[in-house]
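Heads up: the structure comes next, in structure tokens.
Structure follows, in structure tokens:
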């Protein structure tokens, strides 16, 4: 009797059209609590529907009742892998409203730390995309090499993941002694580490066959959905807010290159991020050579009250374009902060992108888009 | 990109072989320890004699994890014939490390330099209630507070820390 | 102890024991080699070599010295777990599936020689029998997937079965070149052929068939990788994928049997590769009883070398998608192996 029941169930379930597969919210491949409800026909996807919000922490509401230093602490945690980069647009917006400019040394150090965060998060990406396509070793190299960068950030700011270093008007404190030499040594290690990843994965024929042609985002579709950052540059769009947007840190003083790739598939997204890691390391070395001396904090009043006004600041964060729309009513804290996060728009392309792909390719595509749940859900 | 001379498959094998032949990077905690840099935000220490119970730290904490109670006392005047001084005395100063975000706003905002960062991190407890450090325990952490390091070349050296 | 062996071993091996006792001794020896081999492979390669390739240490504390007790402790943990059979599962098939896989592993060991006289059964059709018997594990995989009453397990089992069947052909065809060159299918015969062979007139090293059959060796290793469902061919058991594979409903000691089956089969296939291509138990210049004693150790060393290659590839490469995997088998490996057979045949006839 049991046998017949089992037979009957399997016969019914083997009807492979319209099978609904739930990926997540607890799943090793989705970087956190993302749920993708996928309708399958055999091995091909018919429709995909991402369900987000499992990690919503109410950031925009929280900021309504906090002062500016407290908000700076909280927004570190939006994109937790590249946390310094989250503070920069917010602080910049507040400084624009107040009419204060941070001294040049502070601007340079902010740029150095932002690029260090970019290196840290991209090295992890280079490794964990490997694990999503099945190579077990690169992710360990990713974590190991990231440690050097995190140690640098900890030596300067006190926190590995959540630096909380920006203040309105500059930085909290200057760098400790010997930091510049340490950073130069770590950048040499970064170059070697990216070379390792290139040998291990990028040239690997199996990796190429798994990622080339998978998840192609045409540039017009990407731009229409609001995809930003390396994802857009991998589709051939030559757009980088560090160069093309309103000036916000020391990028105009540096000699650097924007990397694009014409294909728009998962391989090109990996390749673009790999080149950008090297470019960030070169930028850091340039900045360290030309670091101006002086104070790191401008003259600000003791109790900071940002005058009334509204400002929109968007920056090139590692995950993409992050923006803050800051409305101030003259109090010690913001009145309303609207956070435009990069991963939210990057994930919005999934229903279009996942049509007609095979099931294992879903994982590859999710990995190559590189979103952080905290960034999607805030 | 330059044309590869060795097929990528073989190069990849070379990377793993080379890593295998180098020593592992694992630090075998608790047998070995890695010391964090001196600015690391491990635990907050309290210097009680500097505290004037102004409550700024408790108000600025984003998590409201600092609990302060104090009372005013009268002290004899500094010189004969003067007025009596009123001094605030701390009754209770607790930091709940189960809530603390390690942001450092309290340390920064204290006008009397009564709070300090220390890189100590080995204070985990089996019960979450024990993570509430009271006045005496916070005073004990003062022994672990490092002296501030000199700043990097090019920094403006002012009188204060 | 070693002084006793040269005199007593030949006596032992030619003792006139009752047939049942001999069978019992041989069964006991093989049954103890399977977990021992699985443990050694698992510890050295899966725990330690993988860890060092990933720049970390692996287990260090269990047992004190570099964590050698880790796998044994894991085994004890699995044995003492509750035996869960899903409610809707087909009980008898569910329980029999791991046993089928272990039986197929056990049967492979019967023909691998460890010395001139240390082989359980020196069959005339040795290698043919070994490959035939190793395909029995496909039945076990299908039984496991079917009986689990879980559509994901069934999908995983179907994928696994398709992969295993597809890669049987390159496996067999790679070996045909060796058989043509050695002239016999018996594994002892192949070892003797290699031990007594010459490389361009120099007889000191024998003629390990890897030198002439390097294409066959490469094909055999690739096909073995796929037969063991290891990366880059591990889509059926992919851990970071959606379907956890045909073993998903198994827990406790039944899962232990799957694990032992996988590593035991890896040990066995490495043994076959070492025997066919590296010369098996033979060391050049060593004959007689000394070969009986040194043979197992030599074979063990060669197995470790082959296993190193298998696991090295496993930890370095990403995994292939199911259709790409099948394409490689049918479109590339089989034509190359047929070409290899053709060239070997021509050389055998002409030279």
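Protein chains in written order, with the working numbering: chain C, 224 to 601; chain B, 122 to 282; chain L, 571 to 921. Every residue, glycine too, gets a C-beta built ideally from N, C-alpha and C.
Under 9 Å between C-beta atoms of residue 229 of chain B and residue 395 of chain C: yes
The stretch 614 to 635 of chain L: positions lying closer than 8 Å to chain B by Cβ: 619, 621, 622, 623, 624, 625, 626, 627, 630
Contact with chain B by residue 887 of chain L, beta-carbon distance below 9 Å: yes
Any C-beta of chain B under 9 Å from that of residue 495 of chain C: no
Cβ pair residue 748 of chain L, residue 847 of chain L closer than 9 Å: yes
CB contact below 9 Å: residue 387 of chain C versus chain L: no
Any 3 or more C-beta pairs closer than 8 Å across the stretch 231 to 250 of chain B and the stretch 170 to 180 of chain B: yes
Whole-Å CB distance - residue 885 of chain L paired with residue 137 of chain B, under 8 Å assumed: 6 Å
Cβ pair residue 430 of chain C, residue 316 of chain C closer than 9 Å: no
Coil, strand or helix - residue 286 of chain C by DSSP: helix
Classification of residue 141 of chain B by the beta-carbon crowding that lies within 10 angstroms, buried from 16 upward: buried
Per DSSP, the bridge partner or partners of residue 535 of chain C: C/548
Outcome for residue 249 of chain C when other beta-carbon atoms lying within 10 angstroms are tallied against a minimum of 16: exposed
Residue ranges of each alpha helix (DSSP H) within the stretch 594 to 626 of chain L, 4 or longer: 620 to 623
Opening and closing residue of the alpha helix (DSSP H) in which residue 835 of chain L lies: 823 to 847
9 Å Cβ cutoff, residue 422 of chain C in contact with chain B: yes
Chain L contact for residue 356 of chain C (CB, 9 Å cutoff): yes
Where residue 140 of chain B meets chain L, residues with beta-carbon distance less than 8 Å: 622, 623, 624, 625
Contacts of residue 427 of chain C in chain B (Cβ-Cβ under 7 Å): 129, 130, 133
Integer-rounded CB distance, given that residue 659 of chain L should sit under 8 Å from residue 718 of chain L: 6 Å
Amino acids of chain C, ordered along the chain, whose beta-carbon sits closer than 9 Å to that of residue 740 of chain L: In chain order: nothing, as chain C lies at least about 17 Å away.
Short CB-CB distance (under 9 Å) between residue 876 of chain L and chain B: no
N-terminal and C-terminal residue of the beta strand (DSSP E) that residue 238 of chain B is part of: 236 to 239
Closer than 9 Å to chain C by CB, residue 161 of chain B: yes
Proximity test, Cβ basis, 9 Å: residue 268 of chain B and chain L: no
Own chain partners of residue 817 of chain L with C-beta closer than 6 Å, once the 5 adjacent residues on each side are dropped: 828
Neighbour list for residue 272 of chain B in chain C, Cβ cutoff strictly below 7 Å: 397, 398, 399, 400
Short CB-CB distance (under 9 Å) between residue 223 of chain B and chain C: yes
Segment limits, beta strand (DSSP E) that includes residue 590 of chain C: Unbroken run through residue 590 of chain C is the alpha helix (DSSP H), 582 to 592; no beta strand (DSSP E).
Ordered list of alpha helix (DSSP H) runs contained in the stretch 673 to 701 of chain L, each at least 4 residues: none
Under 8 Å (Cβ pairs) to chain C, residues found in the stretch 889 to 921 of chain L: 889, 890, 891, 892, 893, 894
Cβ neighbours of residue 739 of chain L in the same chain (closer than 6 Å, five flanking residues each side left out): 904
Residue-chain proximity (residue 882 of chain L, chain B), Cβ-Cβ < 9 Å: yes
Residue range of the unbroken beta strand (DSSP E) whose run includes residue 194 of chain B: 187 to 196
Pairwise C-alpha distance: residue 518 of chain C and residue 252 of chain B: 38 Å
Beta-carbon proximity list for residue 212 of chain B, same chain, < 7 Å, skipping 5 on both sides: 190, 191, 192
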